[in-house]
Amino acid sequence: MEAFERKTPNLVLLDVMLPNMSGLDVCRLIRLKSEVPVIMVTAKTEEVDAVVALELGADDYVTKPYQFRELVARVRAILRRAEARNQDKAIENVPSRLKAGDLVIDQDRHEVLLNDQLIALPLKEYELLLQLVANAGRALSRDDLIDAVWGTDYVGDTKTLDVHIRRIRSRIEDDPQRPLRVITIRGVGYRYEV
């Protein structure tokens, strides 16, 4: 528990059979403090053990001996779901109507208005602009933007981001070659300037 409290892990692999304390008790204590994904690892193969672990808050239960590739696949799947939950929560915490200067994003209506004129944006461009405006004034890394819009499993070229930014600029900037709203931060990513 001390290691868990000192660090902020993305996922916990937890053995049921620990020397000083039951892994099930540790799982229960983790759940009181965090929603971090927990995978229980054990030699116990009884169904009741898995049920108890899952009811205490474990996200998965793997019995030994296990195949390494299967464990990695389970970890990736749980991290994908956790990331999706976190993204949903992050967007939920953004007000339904964002205003940044003369640009307004209405999430309820899924609309972007610039000087009270409707700007038609494809979904990914809308999501990208939403991320930028929700964090107006802050530099967002390319990786953060890609993760937020395409997900953590995106394996495409990062030039995709640049193409979408260029398209957004063509729709909202007076001079897309000299942008005043969506600013490039060299070596980092982009910032929405109000």
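First residue of the sequence shown: 50, per this note's numbering; consecutive thereafter.
Ideal placement from N, C-alpha and C gives every residue a C-beta, glycine not left out.
Here the structure is a predicted model, which means the values were calculated and not measured.
C-alpha gap between residue 240 and residue 88, whole angstroms | 37 Å
By DSSP, does residue 188 sit in helix, in strand, or in coil?
-> strand
Just the Cα atoms here: how many angstroms apart are residue 190 and residue 94?
-> 44 Å
Test item: CB-CB of residue 60 and residue 124 under 8 Å = yes
Residue 238 beta carbon less than 8 Å from that of residue 194 | yes
Exposure of residue 92, with buried meaning 16 or more beta-carbon neighbours within 10 Å | exposed
Hey, how far is the Cα of residue 96 from the Cα of residue 102?
-> 10 Å
Just the Cα atoms here: how many angstroms apart are residue 235 and residue 186?
-> 15 Å
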